[in-house]
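Engineer: Using the numbering used here, the first residue of the sequence shown is number 229, and each one after it goes up by one.
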Amino acid sequence: MNNAADAPLRVPGFGGLPIYHQIDPFESLNDGTAGWRQCPRLTARELAMLALMNLITDKENWHVDIFDEGTVANWRLDASISKICITLDEQRIRAWGEQKVPAMPLISETAWRWCIKELRDKAVSFHQNGFIRVLDAGSCVCKSDSLASTDILAKFDSSVAHVRQESRYQYRQADGITDLVDPSMYPLYYSRTRVLTSGGVGLDDCVESCFSRNATVASAHPWPPLREELAKYIQERHCSLSLYNDDDFHRYYSSTFQWLPCEIKYTKQKEAPIHITSYINNLHPSRNKPLYKVIERIIASSIPLWSNSLFKGNSRHVNGGPAPIRIRTYGYDNTEELPLWLDTVAEDMRELWKVRSPEEGSPNKKFKDYVWKLYDFLRYPVHKTQLLQDLFKDEITSMNIQTFEDWYGSGISYETSMSLLAVVEEKRDFMIAALQPEPGTAFSYEDWKEGKNGKVIVGPPDFVGRNRVPMQTPDPDQGLYTIDLQEILQQKGLQIIIRIREVDLIPSNPTFTGSLMFEAQRNEHIVSTAAYIYSSSNVTTPQLSFCQPTWMHPLDYHFGDGGNMLDDDHAWDTQRRLFGFVQSAEARIHYDWSLHTPPWQTLGTVDLPINRLLTWPNTLQHRLDGLSLCNATQPGRFGMLLLYLVDPNYRICSTANVPPQQHDWWAEVALDQGVFRKGAIPQARKVPSEVREMVDRFTAGCPMGEEEAEEIKFQVEEDRAAALSEAMVGMPCGFFDPTSISL
């Protein structure tokens with residue numbers, strides 16, 4: 229593929245290549261729509277470890293204090309850290325509608341020691357590179373507060389003010405969002421946009437290319453293509469059939485629109501290592517030279533973060549991510565710790581009450597024996613923790629001061645037995661939480677550092693008759709890798725799509741929560757995003773929440789000896805606590821196990837303080853959360869620069885090939901340099917304002933008027949929303965709302 233000026237344009241949609249053209253997956257990066265998912269699902273304990281390490285790395289001077297034993301000991305007692313240790317999954321359980329739940333001690337001593345060891349390694353890396361990975365399990369996020377210097381912040385804020393003042397560039401959306409630079413405005417529009425198929429659109433003189441006689445209208449791409457043609461293409465290119473085997477395939481691609489990236493080239497200058505060589509769509513290069521320069525510096529700072537978060541493309545649907553997981557298990561095995569009768573305790577108690585003795589309606593001996601088991605279970609100590617005693621103090625105190633005969637002889641009503649049952653189930657759940665698999669069980673920390681994490685604690689099940697036995701066959705090791713994006717930049721440059729977005733809050737609209745975002749449309753082959761926070765005035769520090777795709781089919785997971793049947797609700801409840809997910813009660817009634825397993829897993833949240841730079845691969849969904857006014861009587865603003873990286877193994881049609889389509893850009897040059905050429909005397913070039921307005925009205929649609937561009941923007945966003953919806957097809961999300969999960 230090639231879009232250089234020295235050769236004919238040959239990219240998806242041009243030069244004989246279809247818009248759905250794909251290269252070999254082993255030669256590309258993962259754009260998040262190829263079907264990858266994290267398997268096995270991350271355990272609740274590993275999610276807590278991710279949250280803990282992300283929290284500590286937000287502390288001032290953490291990379292020094294992590295080596296001080298006294299400070300580390302104080303962190304262990306820190307209230308905010310204790311909240312993660314105890315209540316991370318309590319929030320999830322509360323989302324299920326349960327009123328009272330046991331706290332879950334997810335950060336055990338073993339998990340704590342692992343986290344400190346890992347944080348010390350992260351501190352060394354941070355000292356060397358200026359950034360760190362967080363939420364790194366499968367996918368990952370990279371964050372830095374130092375690579376973008378404070379002078380970049382000041383220059384960006386002052387430069388973007390000029391764009392903000394030009395009201396015609398403010399494309400407002402709902403909820404106070406303003407895109408000062410919006411890639412959905414003036415996109416590549418097949419059958420409408422004029423293209424220079426041999427390149428030649430420069431930077432400073434980009435508008436002059438509007439008058440080139442060599443520009444031709446981009447050919448339309450009728451949709452859908454003939455099935456025979458598509459099938460032949462799939463066979464020849466060895467493409468993933470999963471993307472092409474349903475009637476809604478076309479929603480992954482737009483046959484009409486494509487965002488336009490700008491071109492980035494490497495320079496050998498130390499102070500300015502990269503240069504934007506084609507205009508940023510919707511950001512005039514001559515009017516905004518200072519902003520172009522500061523964006524170049526932010527892109528240069530993003531390169532090392534991208535290199536460490538990019539997701540290598542391959543044909544595997546599981547593993548393969550840049551960050552090895554720490555706990556690999558497909559279930560739990562608690563047969564030595566918990567009595568099997570606990571799996572059916574509720575049903576057994578109710579049935580035994582029904583068959584009580586006729587004399588005065590008293591329970592029979594079998595019922596009494598069963599109550600003895602409950603009594604004995606509740607007196608049994610729980611894994612070196614005193615928390616249970618605090619949670620169930622009233623219920624257990626009477627048991628500790630009486631013999632069973634005295635306690636039982638005081639009278640057991642149906643209400644008493646059901647109350648006792650609730651305490652038993654809560655203690656069972658607490659013990660299950662304490663039985664969360666530990667890091668370092670199947671493989672050591674040293675092995676994990678080398679990507680050797682294929683061994684499992686409890687393997688996927690093997691079938692022996694109707695029973696399922698856990699196998700210990702290791703998964704493939706995840707391995708370690710980074711993508712040398714700097715080398716790719718030096719060899720052939722990069723393509724980046726740019727957005728500048730602001731959220732304005734006012735007293736009548738004091739809060740903002742975004743929607744889950746995921747660049748699912750494949751025309752642009754977006755593989756990663758960088759975000760730079762340049763403005764935060766009178767607003768709280770928001771967060772980005774991240775989810776990654778996962779898969780949890782019941783046949784792939786082991787339920788322990790007491791939970792071999794797929795419809796075993798108790799085994800199901802244990803699994804949801806083990807792997808930290810929620811489900812709808814309606815789904816449990818009407819759908820089988822696999823259909824109410826969430827297809828996404830929340831990795832955690834990353835704070836967005838001003839001047840922070842972070843990157844993440846397109847395998848992650850993200851959502852802006854927690855934005856509200858500090859002073860509710862005054863307005864506030866939050867602004868960030870978003871950089872969407874096009875897979876460098878592809879080339880797509882860019883602003884190097886498309887002359888600017890903005891009418892006002894064109895009119896400015898047409899009036900000053902078209903009607904009256906540069907060679908004319910100065911007096912002749914002074915066009916009366918009345919004449920300029922008349923010419924402007926008659927040429928309002930040339931090349932494209934703002935009103936038409938806004939209508940096209942609406943269609944572009946509809947196409948992208950359809951692609952996002954299609955990316956979720958086949959995932960059991962009908963009764964799952966990803967926005968309901970929060971850490």
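A virtual CB, placed ideally from N, CA and C, is assigned to each residue, including glycine.
#1: Taking residue 803 as the reference, give the member of 541, 384, 686 with the closest Cα.
#2: For the 8 Å Cβ check, are there 3 or more pairs between the stretch 530–544 and the stretch 256–274?
#3: With DSSP run on the structure shown, which of helix, strand or coil describes residue 356?
#4: Taking only the alpha-carbon atoms, compute the straight-line gap between residue 977 and residue 854 and give it to the nearest angstrom.
#5: Quick one: is residue 250 buried, meaning 16 or more other Cβ sit within 10 Å of its Cβ, or exposed?
#6: If residue 421 and residue 886 are in contact, beta carbons under 8 Å, what's the gap, nearest whole angstrom?
#7: Go ahead and label residue 754 buried or exposed: buried means 16 or more other beta carbons lie within 10 angstroms of its beta carbon, across all protein chains shown.
#8: Less than 8 Å between the CB atoms is what I'm expecting for residue 537 and residue 434, so what's the real figure, rounded?
#9: DSSP state of residue 785, grouped into three classes?
#10: Please say whether residue 891 and residue 932 have beta carbons closer to each other than 9 Å?
#11: For the 8 Å Cβ check, are there 3 or more pairs between the stretch 724–735 and the stretch 861–876?
#12: Considering Cα atoms alone, identify which of 240, 665, 253, 736 is closest to residue 336.
#13: Closer than 6 Å by C-beta to residue 487: which residues in its own chain qualify, once you throw out the five before and the five after it? Chain order, please.
#14: Across the stretch 267–282 and the stretch 824–841, are there enough close Cβ pairs to call them in contact, namely three or more that are closer than 8 Å?
#15: Which residues does DSSP list as the beta-bridge partners of residue 828?
#16: Where does residue 872 fall in DSSP's three states?
#17: Going by the beta-carbon positions, is the gap between residue 857 and residue 867 smaller than 9 Å?
#18: Below 7 Å CB to CB, which residues in the same chain sit around residue 444 once its five sequence neighbours on both sides are set aside?
#19: Identify every run of the alpha helix (DSSP H) within the stretch 268–313, keeping only runs that are complete inside it and at least 4 residues long; order them along the chain.
#20: Could you name the residues of the same chain whose beta carbon sits closer than 7 Å to that of residue 859, not counting the 5 residues immediately before and after it, in chain order?
#21: Residue 370 by DSSP, collapsed to three states: which one?
#22: Give the straight-line distance between the Cα atoms of residue 944 and residue 346, rounded to the nearest whole angstrom.
#23: Go ahead and pull the three-state DSSP assignment for residue 604.
#24: State buried or exposed for residue 930, treating a residue as buried only when at least 16 other CB atoms are found within 10 Å of its CB.
#25: Quickly, what does DSSP pair residue 730 with across the bridge? List them, please.
#26: Is the beta carbon of residue 838 closer than 9 Å to that of residue 773?
#27: Compare the beta carbon distance of residue 949 and residue 481 with 9 Å and say whether it is the shorter of the two.
#28: Mapping DSSP to helix, strand and coil, what is residue 498?
#29: Expressed to the nearest angstrom, what Euclidean distance is found between the alpha-carbon atoms of residue 242 and residue 497?
#30: Under 8 Å by Cβ, that's how I've got residue 526 and residue 714 pegged, so tell me the actual separation to the nearest angstrom.
#31: Within 10 angstroms of the Cβ of residue 578, are there 16 or more other Cβ atoms? Answer buried if so, exposed if not.
#32: Where does residue 386 fall in DSSP's three states?
#33: Check whether the Cβ atoms of residue 605 and residue 270 sit closer than 9 Å, and answer yes or no.
#34: For the beta strand (DSSP E) containing residue 851, list its first residue and its last residue.
#35: Check residue 739 in the structure and name its three-state DSSP category.
#36: If we call anything under 9 Å between Cβ atoms a contact, is residue 375 one with residue 533?
Structural biologist: In this structure, then:
#1: 686
#2: yes
#3: helix
#4: Examination of residue 977 is not possible in this model, given that the chain is present from 229 through 971 alone.
#5: buried
#6: 6 Å
#7: buried
#8: About 31 Å; that fails the 8 Å criterion.
#9: coil
#10: yes
#11: yes
#12: 665
#13: 411, 415, 725, 752
#14: yes
#15: 777
#16: strand
#17: no
#18: 422, 423, 425
#19: 272–284, 290–293, 297–305
#20: 766
#21: strand
#22: 44 Å
#23: helix
#24: exposed
#25: 406, 867
#26: no
#27: no
#28: coil
#29: 34 Å
#30: Actually they are not in contact, since the Cβ atoms of residue 526 and residue 714 sit about 16 Å apart, beyond 8 Å.
#31: exposed
#32: helix
#33: no
#34: 849–853
#35: strand
#36: yes
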